[in-house]
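Residue numbers (the numbering used here): 38 to 837.
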């Protein structure tokens with residue numbers, strides 16, 4: 038195991054010690070111990086920046102299940118390094134913030150930090166795994182750990198509801214994604230992303246290519262909250278604010294973005310990929326921003342804004358994929374969309390992380406997040422107000438903040454779409470431009486609502502649970518760092534160009550790399566009086582009017598019936614599923630063993646019988662069979678008579694004797710076949726069984742006349758006849774078709790030489806199957822102790 042593998046597994050290993058640190062160091066906040074790990078990991082991953090800048094990759098493989106082509110291959114290139122730095126860097130700031138946000142006296146910090154570390158390790162596993170099955174394993178771990186984090190305050194009904202909702206939707210997407218991964222394996226014979234990329238030309242015409250694409254996008258869309266799967270994200274805001282800042286701004290919701298970016302070299306050649314990724318993304322961008330405006334909870338606004346921003350990044354990745362289809366124009370003309378996607382991915386983590394922390398500070402210091410109760414907090418919380426201005430204005434795409442630069446690139450990307458002469462974009466491309474511009478207007482409006490409805494206006498102390506004041510410096514450090522990065526990345530954007538953005542672009546669209554091995558990225562603040570700038574000016578003007586007149590036109594949200602919402606559809610379907618499953622369960626769970634045996638044996642008959650017919654598997658041959666003598670015929674007849682007598686006997690004693698005759702006749706078969714040991718064993722077992730039956734029936738009441746009547750049941754007859762027939766056919770076929778030498782020859786040859794015993798049966802039981810025999814004896818011993826305990830048990834009359 039290499040250091041790179043350990044970097045992925047360290048969060049899981051460290052999580053083991055959290056309960057002990059929490060228990061034995063009560064005077065120290067557990068977060069201080071946890072903070073060491075993400076800082077160390079961020080430092081470790083930072084050393085790979087020079088490696089990826091030079092176009093190199095780091096690959097470390099550890100065998101896991103090589104026979105199935107599943108190995109734990111850790112892989113660092115520009116894209117995976119970008120996400121690893123976000124996971125550990127933002128993770129460090131979130132943990133520092135949580136130390137001051139979560140009280141060590143009131144909260145179960147051992148649970149919180151165990152869940153958080155599980156999530157951090159799972160996310161690192163997702164972005165650093167080259168093997169698709171390993172990636173899927175970590176993918177589902179992110180769903181599980183996020184479920185635990187969202188439901189951290191499990192005593193609250195809304196927390197439980199949000200946790201369940203997020204898990205159901207993301208697990209559904211994960212299972213669909215697994216199906217897509219298996220299809221990729223069926224087409225390429227490999228689970229390695231690197232190897233699959235090299236096989237694109239061969240698999241693009243395969244019939245499974247498009248289905249695999251759709252199933253994988255289901256996984257990406259559910260995880261990254263794309264329409265219509267976004268509904269889990271607003272409900273996930275019931276989690277503590279550090280969780281929201283970490284999962285829903287920089288990490289978990291970006292997992293789907295990562296998957297689309299990682300597999301773009303595989304699927305971008307397909308028109309279906311372009312349309313699905315870009316259209317779902319751009320509509321999600323518009324729909325999220327439109328719904329964010331009507332929210333009254335700070336975290337709800339940020340939740341829908343996250344949906345919108347994720348849709349924007351997703352659409353840019355889809356638009357960037359179209360560059361692979363352009364031959365007649367300069368490729369760099371269109372790679373601007375991919376550049377914007379990566380740049381905005383970084384920018385979003387900075388301004389959205391700081392805004393989530395601001396929402397947490399407001400809630401922590403006032404006792405509410407409802408903007409209808411807030412207002413006039415600017416004088417009480419000047420630092421928090423400044424941070425919110427920086428974050429919100431960046432989100433709105435205003436200078437001098439980094440969001441302005443990536444928003445301009447976004448506008449450039451959608452403007453270029455209409456110029457493409459592929460996929461009928463010369464006519465349909467205008468849709469991208471409309472959704473992007475209108476969505477940006479709503480983004481501007483909710484950004485202004487977020488700031489000015491909270492920090493300006495009338496102060497309402499009577500509606501607040503606490504007297505507002507500035508947060509402690511420890512809680513402000515993390516959002517201050519993120520807000521500082523917002524400004525730094527605006528004035529010095531090119532510090533990320535060669536170090537982070539260019540290597541990531543090489544991973545997403547490697548076929549468009551320039552002759553010098555780079556994309557020659559140069560991010561500038563001024564491009565003249567361009568259409569993009571006029572679009573931004575239009576957004577500001579119309580957005581300002583919309584914000585000032587919000588009270589007048591906000592009633593349009595009431596026109597949409599609540600019964601027709603996606604949330605209502607989710608709740609209704611869940612209730613219907615619960616009721617139908619309950620009815621179905623009651624239908625087959627009757628409480629009668631007879632019914633359960635009928636189900637089991639009916640499926641046995643149907644499945645095996647159908648297989649025999651479809652595969653033409655029945656075969657009958659007497660070759661190599663021993664001759665049947667008179668004694669065998671007599672004993673078989675005695676066993677058949679004994680069996681029939683057992684069924685139709687009118688007394689229990691007769692039935693027991695008849696059943697015993699079957700067992701004793703079987704012992705005589707062993708004598709005829711020269712197996713005296715088995716005959717003795719059978720005689721002993723049969724004698725003990727008959728004795729036990731007699732013992733049991735001695736304590737039961739005698740049969741009454743009405744109990745002696747045995748009615749004929751057609752269902753029982755059909756099931757019994759079917760099972761008997763199927764088993765007989767299988768036995769005859771197995772005896773007639775021997776694919777290899779029987780195992781008895783092995784025991785005959787090796788019983789004495791390997792085990793030193795001449796009695797083959799004893800050798801098999803004691804040596805070759807020694808562990809089986811040992812455990813069988815153990816089971817019998819446990820059963821004997823249980824029976825002895827029940828016999829010795831005396832229940833007092835008053836306890837009955």
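Even glycine gets a Cβ: it sits at the ideal position worked out from N, Cα and C.
| query | result |
| --- | --- |
| Under the rule that 16 or more other beta-carbon atoms within 10 Å means buried, what is residue 843, buried or exposed? | Since the first and last residues shown for the chain are 38 and 837, residue 843 lies out of range. |
| Just list the alpha helix (DSSP H) runs in the segment 533 to 567, keeping only unbroken ones of 4 residues or longer that don't cross its boundaries, in chain order. | 539 to 545 |
| Quick test of your reading: residue 151 and residue 76, contact by CB under 8 angstroms. State the CB separation rounded to the nearest angstrom. | Not really, about 19 angstroms apart at Cβ, beyond 8 angstroms. |
| Report the option in 693, 337, 708 whose CA atom is closest to the CA atom of residue 726. | 693 |
| With a CB to CB cut of under 6 angstroms and the five nearest residues on each side skipped, what residues in its chain are close to residue 425? | 395, 488 |
| Should the segment 568 to 579 be regarded as contacting the segment 441 to 458, the criterion being three or more beta carbon pairs within less than 8 angstroms? | yes |
| Per DSSP, which residues does residue 97 bridge with? Please list them. | 111 |
| Suppose only complete runs of 4+ residues qualify. What are the alpha helix (DSSP H) ranges in the segment 419 to 477, listed by chain order? | 419 to 432, 439 to 454, 462 to 465 |
| Relative to the C-alpha of residue 104, which candidate in 283, 760, 227 has its C-alpha closest? | 227 |
| Ignore the nearest five residues each way along the sequence and tell me which others in residue 330's own chain have a CB closer than 6 angstroms to its CB. | 479, 482, 483 |
| Thinking C-alpha only, which one of 659, 700, 666 is nearest residue 677? | 700 |
| Taking all protein chains shown into account, decide if residue 67 is buried (16 or more other Cβ within 10 angstroms of its Cβ) or exposed. | buried |
| Tell me, to the nearest whole angstrom, how far the beta carbon of residue 523 is from that of residue 387; I am working on the premise that it is less than 8 angstroms. | 5 angstroms |
| By the 10 Å Cβ neighbour count, where 16 or more other Cβ atoms means buried, how is residue 778 classified, buried or exposed? | exposed |
| Check whether the segment 153 to 161 and the segment 86 to 102 touch, using three or more Cβ-Cβ pairs below 8 angstroms as the test. | no |
| Report the rounded CA-to-CA distance for residue 619 versus residue 348, giving the unit in angstroms. | 38 angstroms |
| Are residue 183 and residue 289 touching if we call contact CB-CB under 8 angstroms? | yes |
| Is residue 414 closer than 8 angstroms to residue 505 when the C-beta atoms are compared? | yes |
| Between 616, 545, 111, which lies nearest to residue 305 when the distance is taken from Cα to Cα? | 545 |
| Consult DSSP for residue 370 and reduce its assignment to one of helix, strand or coil. | Only weak support exists for where residue 370 lies, its pLDDT of 49 falling under 50; the coordinates are left without a value. |
| CA-CA distance, residue 810 and residue 800? | 11 angstroms |
| Provide the residue span of the alpha helix (DSSP H) that contains residue 778, from first to last. | That residue, residue 778, is in no alpha helix (DSSP H); it is neither H nor E in DSSP. |
| Using CA atoms only, rank isn't needed, just tell me which of 122, 342, 72, 59 is closest to residue 2. | Given a span of 38 to 837 for the chain in the structure shown, any question on residue 2 remains unanswerable. |
| With a threshold of 6 angstroms on Cβ separation, who are the neighbours of residue 141 within its own chain once the five nearest residues in sequence on each side are excluded? | 66 |
| Bridge partners for residue 168 per DSSP, in chain order? | 229 |
| Quick one: is residue 214 buried, meaning 16 or more other Cβ sit within 10 Å of its Cβ, or exposed? | buried |
| Short of 6 angstroms in beta carbon distance, which residues of its chain neighbour residue 335, apart from the five on each side in sequence? Order them along the chain. | 396, 406 |
| Do the segment 244 to 262 and the segment 110 to 124 meet, that is, are 3 or more Cβ pairs less than 8 angstroms apart? | no |
| Anyone know if the C-beta pair for residue 439 and residue 341 falls short of 8 angstroms? | no |
| Can you grab the Cα-Cα spacing for the pair residue 560 / residue 612, in whole Å? | 51 angstroms |
| By Cβ distance below 8 angstroms, which residues in the same chain neighbour residue 268 in space, the five residues on each side in sequence not counted? | 202, 206, 603, 604, 607 |
| Could you give the distance in angstroms between the alpha-carbon of residue 783 and the alpha-carbon of residue 658? | 24 angstroms |
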